[in-house]
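Everything on this sheet refers to the single structure shown next.
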């Protein structure tokens, strides 16, 4: 029997009737159409479905939707300050070549954003540790790690230009 | 004029991917779509007599398809037509598809599929490459062969007999799963007398004829559109044809769109993998270290059906002698049949297996001669003007020595060797530095490019916009960015944002061939460049621009050419250069138009208590000709190295007595994480290839070839003896008697 789930997703209040067996990933993708969060394994191994739950990174395939009741969820669609801007981590991923097929990217970005929230000046080792739950099969991780360090530096100095957006306009 | 080639411009698809806005097929909801699921055989070998369905459940809204419902030919056509879409008599591997079920509710489809009871007379399967090799060696002419290739050059027996030293060795490699992050997914949508196929794939023009043949429809009634593809690595070369047929069969039956999306366990269990191999080498060497003769037996496990095995075998046979000069060569290469899911394409395509063998063997030869492995390589590496095993004279763009010198310099090889003498025996940890040289032929083997006869098209549109229409796919490797870079520069350095290259749709894009074999930049890119030169010549004519001048107003020149039409198309087809000669039967001649080269060094440590190997640093130098986009090329090399790291150290697939892979989840099939990956020091050498676009060769597969033997050679240095089998997981090292010596 369906139950009412109330939660905040990307700063918007939501009420959805969900089955008790549905995962947070199902609700985000199927009910809310937030398909930026990817289904890579469904078992919590690959990290493609990583979202922030009350600011902490979780594998949304391992969280029952109702466990998110009354809580705050941030997905890739909501990491930037507003719809037209990029989060500095996203910008560095684009600029430094940290993206190839793109399927791990949303989860990677979320894990990186979470790291920089709690540790604004991480070492390379700390970055590698923070991303170790997110598998990438394309990049060999090197450019991803470089992008996270780059974003940290720019956030620290306040130089977070949005060049890619301008180029596009 | 802007030189776009050589610019590390950001990827065109980067922004959408960073924002999570790229819509993969699994993210798309198709109106009225059903989910298709496969009913699979529960045994690895047997005779399927009948399938019984549970008629007591409610079948309304459910659709099912069996072999007898197939309107066309029951086969997945690729090289041969021996693999059925749905097994109907012979069962050849565990999990072979026997029937299909669809429903709007995925859960319902799955439970209905589970009610199928298969009446099967089981037979004894052959599951393991070890058993297959034993059987082959007892009776080499048996029916267990999928394909055979022999390469002979000179008189290998005589040459071996007169060598100063003979070194024997046997090397084994295991299967490897691609683990593209996006699992297999296709959809089939009925559109009147046509069927549209959407899918995550590498080769739209493999899917089209395969679906047409099985559905009994003309090719042009099958429209194939690639959807954004979350990694492929060869795993989406031939496999999507098979499930595209399944989706199309269900869609036709249900008169509704049908989507088939694998979960990770199904994907690892039943899709293609890298061929397991056993390579036996006998090398004849002169006392001064000069290589003279090499005899190689290359055995690959092909699994149950032919699929791509003949061409994988061909690439394995040709690369088996390594990037070295051998005067006399005898290669016997065979693909053996077992009752496993067909092994298939995976980045490197037969080359990583034989590189593990030959590059390990070179270090064995060095040890027997008491020579330094780097010096031994340098003495024997191929140089310009040398001949390969197939008798191909290397006329240009040969960088084997330069790559090795670059890597040994970067890794400070000599200093490390010296340092080792002091630390080696005093710890429970042992250290080693190993190197390997490698090469990779770009494009299809032999006459392959001639057979495919790739075509490209350039569309000129209003505002001076240029669209490159090709069937080559973007799967993460950067094709949608680098192909426009080539076109923009070939058109005289026009603004890059005027040029685009969309995901292919067979109703618009000509067949530029499959996205495989490191051929997209080198072969398709060269055709795009040449087509653009035709376009430029034409536009110069209509805009009355002299040959040696730039077109002053590009949009205006294009407007003059369009004369009010929405677009005009220019096309170009591959023509074989007359000097390339190939004899397929004897495997003699110009096997590849050009080769990319590389060398890699790995510094490792091994814990003598746990036998766990850690790679602390990797240095790699490659020559793939002009790097059209150096950032993308670096990304290809880094990504390939880490796949090779997994192949060498972690990725283990064992087969149960029933014929199932035991490691079929990402919990137990271990691919490298960010923590397992050391610093990757990549350098590029640009040794131009005269026929490549602006000098470029292929780079996609190359970095997969050398790292596994480099790690093995580092372990040899650390342990004094070496494993001959990958993955080099602790269990395998212990089994090979390499444990127990803590040195202290």
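Protein chains in written order, with the working numbering: chain A, -19 to 149; chain B, 2 to 745. Note that beta-carbon positions come from the ideal geometry of N, C-alpha and C, so glycine has one too.
Beta-carbon separation (whole angstroms), residue 67 of chain A vs residue 74 of chain A, contact threshold 8 Å: So it is not a contact: roughly 11 Å between Cβ atoms.
Below-8 Å beta-carbon distance, residue 180 of chain B vs any chain A residue: yes
CB contact flag (residue 64 of chain B, residue 195 of chain B, <8 Å): no
CB of residue 762 of chain B within 8 Å of CB of residue 279 of chain B, strictly: The structure shown does not extend to residue 762 of chain B, since chain B spans only 2 to 745, so no value can be given for it.
Interface flag, residue 801 of chain B vs chain A, CB-CB below 8 Å: Past the boundaries of the shown model lies residue 801 of chain B; chain B is included only from 2 to 745, so the question cannot be answered.
Continuous alpha helix (DSSP H) assignments of at least 4 residues falling wholly in the region 110 to 143 of chain A: 122 to 137
Rounded separation between residue 743 of chain B and residue 610 of chain B - CA only: Any answer about residue 743 of chain B is weak, because its pLDDT of 48 lies below 50 and its placement is not dependable; what the coordinates show is given next. When rounded, the distance between both Cα atoms is 7 Å.
Proximal residues of chain B, C-beta to C-beta of residue 111 of chain A below 9 Å: 674, 675, 676
Cutoff 8 Å: residue 26 of chain A Cβ touching any chain B Cβ: yes
Of the listed residues B:399, B:240, B:335, B:16, nearest to residue 342 of chain B (C-alpha basis): B:240
Short CB-CB distance (under 8 Å) between residue 89 of chain A and chain B: yes
Positions along the region 108 to 134 of chain A whose CB lies within less than 9 Å of some CB in chain B: From the region 108 to 134 of chain A, only 108, 109, 110, 111, 112, 113, 114, 115, 116, 117, 118, 119, 120, 121, 122, 123, 124, 125 have a Cβ closer than 9 Å to chain B.
Contacts that residue 648 of chain B makes with chain A (C-beta to C-beta distance below 8 Å): Neighbours of residue 648 of chain B on chain A: none; closest Cβ ~12 Å, over 8 Å.
Residue-chain proximity (residue 23 of chain A, chain B), Cβ-Cβ < 8 Å: yes
Near-chain A residues of the region 284 to 299 of chain B - C-beta to any C-beta below 7 Å: none
Min CB distance residue 84 of chain A to chain B below 8 Å: yes
Residue 411 of chain B: contacting residues in chain A (beta-carbon distance under 8 Å): Chain A residues near residue 411 of chain B: none, gap ~15 Å exceeds 8 Å.
Limits of the unbroken alpha helix (DSSP H) element including residue 245 of chain B: Per DSSP, the unbroken alpha helix (DSSP H) holding residue 245 of chain B starts and ends at 240 to 255.
Per-residue contacts from residue 633 of chain B into chain A (C-beta, under 9 Å): 77, 80
Nearest-angstrom Cα separation, counted from residue 44 of chain A out to residue 152 of chain B: 59 Å
Proximal residues to residue 262 of chain B (C-beta, below 6 Å), its chain only, five neighbours per side dropped: 27, 186
At least three beta-carbon pairs within less than 8 Å, the region 286 to 295 of chain B to the region 46 to 66 of chain B: With a cut-off of 8 Å, the region 46 to 66 of chain B and the region 286 to 295 of chain B do not count as touching, because too few Cβ pairs lie within range.
Proximity of residue 651 of chain B and residue 672 of chain B at Cβ, strictly below 8 Å: Result yes, Cβ atoms of residue 651 of chain B and residue 672 of chain B sit closer than 8 Å.
Within the region 308 to 344 of chain B, ranges of the beta strand (DSSP E) (whole runs, at least 3 residues): 329 to 338
Exposed unless 16 or more other CB atoms sit within 10 angstroms - verdict on residue 141 of chain B: exposed
Burial state of residue 53 of chain B (16 or more Cβ within 10 Å): exposed
Given 8 Å, three or more beta-carbon pairs between the region 684 to 699 of chain B and the region 581 to 597 of chain B: yes
Coil, strand or helix - residue 181 of chain B by DSSP: coil
Minimum Cβ-Cβ distance from residue 745 of chain B to chain A less than 8 Å: Its pLDDT being 37, under 50, residue 745 of chain B is placed unreliably by the model, and nothing is read from it.
is_contact[residue 476 of chain B, chain A] using C-beta, thresh 8 Å: Yes, residue 476 of chain B counts as interfacial toward chain A.
Three CB pairs or more closer than 8 Å across the region 70 to 86 of chain B and the region 290 to 308 of chain B: yes
Reduced DSSP secondary structure (H/G/I, E/B, other) of residue 53 of chain B: strand
Residues in the region 56 to 75 of chain A having any Cβ partner in chain B nearer than 7 Å: 56, 57, 66, 70, 73, 74, 75
Any chain B beta carbon closer than 8 Å to residue 3 of chain A: no
Cutoff 8 Å: residue 203 of chain B Cβ touching any chain A Cβ: no
Within 8 Å, strictly: CB atoms of residue 481 of chain B and residue 169 of chain B: no
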